[in-house]
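Residue numbers (UniProt numbering): 1 to 430.
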């Protein structure tokens, strides 16, 4: 087992300086890649054009290239000229079922099939930038291969946002989980894995936190079953609409009164509720769907137990029955504390000192599955243009989400520097 006892020097090593020069040289090409990918977005598990672009680029760089991993994933292996550890760098490639407004000269007009329905498609979460930054990083590091002490695994992952072909709970895995299931880390297991994600924030600022970073996500489905009847004579029915409202209120009380929030935050949200066919009919059943978000495994287990118990007992008190299903979707992303400490000065240099501590993020990430296998570090790149308040900028998944492309060079510098510094620091431990 590799030790993380030593820490990166606050001074840049020569390889890092070469990486910074390489980032400047590839910057314009990286922006062109980003615009091309942005204009041609593809949904999860359908990223064939993007995967082809990536694979051809990696092949031109002389990397060992594997395609079709996790359906449309691409992995490139760069063999350094010296012996040493292996570091993995990950980018996600998929877009979202979102319609992009007109305005950008490279705006998407693409359409795609999402769970059987025709939809507009847009890179509204910035995965186009992630792919372009990692393509640039591969070019930077390939130009330094003779001096690299170890191997670099470039992971271009599909379906981070989920599969567009099948829905959750249908017994299939996708994205990071599927790549791992198909043996991604079996033949070559990295000693660490890194990823960067763009988000609203001062342009070019890097931010991160140690430990829990993004939330776990569990899919919640509740069916409340009662007795149908006339809305004007509710005493002859078991009104599950009222019972469902009480369940929703009870779940919020459960979080505030039963969950140990001083240990770790938790969120239970019911985002969908469906029941009834006419205003004067008490329906037989009501279906609810939502999400559970937590940042600690013990809290996650306790919340799941309490959600089930609360829902069932409240429904029972109304004479109804609640059937509760909780399906784990994503784990919480945990940044390895020692790795984070080691890489902090590296990221600070890559951002020219423009860094911050990230607050807990309520979104989930399937990078968590990679970081659950090997030490990981997941950090953020601010992409809000100068002069604009990041707090007022459109967030990820919004059709008006905008990326200041001048920030991308910081992401390429950070990924390249993290790779070379990790390899250099740990080469002597092999």
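Cβ coordinates follow ideal geometry from the N, Cα and C atoms, glycine included.
Linking residue 179 to residue 374 through their CA atoms gives a straight-line distance of about 14 Å. Around the Cβ of residue 282, a 10 Å sphere holds 16 or more other Cβ atoms; the residue is buried. Spanning the alpha carbons of residue 344 and residue 376 requires a straight line of approximately 13 Å. In the structure shown, residue 252 adopts helical secondary structure according to DSSP, grouped into three states. Within the region 352-419, the complete beta strand (DSSP E) runs of at least 3 residues fall at 355-357 and 376-384. For residue 204, the closest of 289, 348 and 213 by C-alpha to C-alpha distance is 348. Exclusion of the five residues before and after residue 63 leaves 76, 77, 78, 138, 142 and 154 as the residues of its chain whose Cβ lies within less than 8 Å of its Cβ. In the three-state reduction of the DSSP assignment, residue 262 falls in the coil class, being assigned neither a helical nor a strand state.
Beta-bridge pairing by DSSP links residue 324 to 222. In summary, residue 214 is buried, with 16 or more beta-carbon neighbours lying within 10 Å of its beta-carbon over all protein chains present.
Cβ-Cβ distances below 6 Å link residue 246 to 314 in the same chain, with the five nearest sequence neighbours on each side left out; the list follows chain order. When 130, 339, 272 and 230 are compared, the shortest CA-CA separation from residue 54 is found for 130.
If you check the CB distance, residue 384 and residue 200 come in under 7 Å.
Nearest neighbour of residue 267 by Cα position, chosen from 258, 135, 275 and 273, turns out to be 258. The secondary-structure analysis by DSSP pairs residue 130 with nothing; it has no beta-bridge partner. In the DSSP annotation of this structure, the continuous segment of the beta strand (DSSP E) that includes residue 208 starts and ends at 206-208.
Annotation for residue 78: no alpha helix (DSSP H) segment contains it, though the beta strand (DSSP E) segment containing it runs 73-79.
Put simply, the backbone Cα of residue 261 is about 42 Å away from that of residue 108. Under the DSSP assignment, residue 48 falls in the alpha helix (DSSP H) whose first and last residues are 48-60. Fully contained in the region 137-187 are the following beta strand (DSSP E) runs of length 3 or more, in chain order: 149-157. Per the C-alpha coordinates, the member of 81, 73 and 127 positioned closest to residue 52 is 73.
At the C-beta level, residue 17 and residue 421 stay beyond 7 Å of one another. In the same chain as residue 136, and ignoring 5 residues on each side of it, the C-beta atoms closer than 6 Å to its own belong to 26, 30 and 412, in chain order. By the C-beta criterion, the region 382-396 is judged not to be in contact with the region 364-373, since fewer than 3 inter-stretch pairs fall below 8 Å.
For residue 350, the three-state secondary structure derived from DSSP is helix. DSSP places residue 92 in the uninterrupted beta strand (DSSP E) bounded by 82-92. Rounded to whole angstroms, the Cβ separation of residue 357 and residue 207 is 6 Å, and the two are in contact under 8 Å. Distance between residue 66 and residue 42, taken at the CA atoms: about 20 Å.
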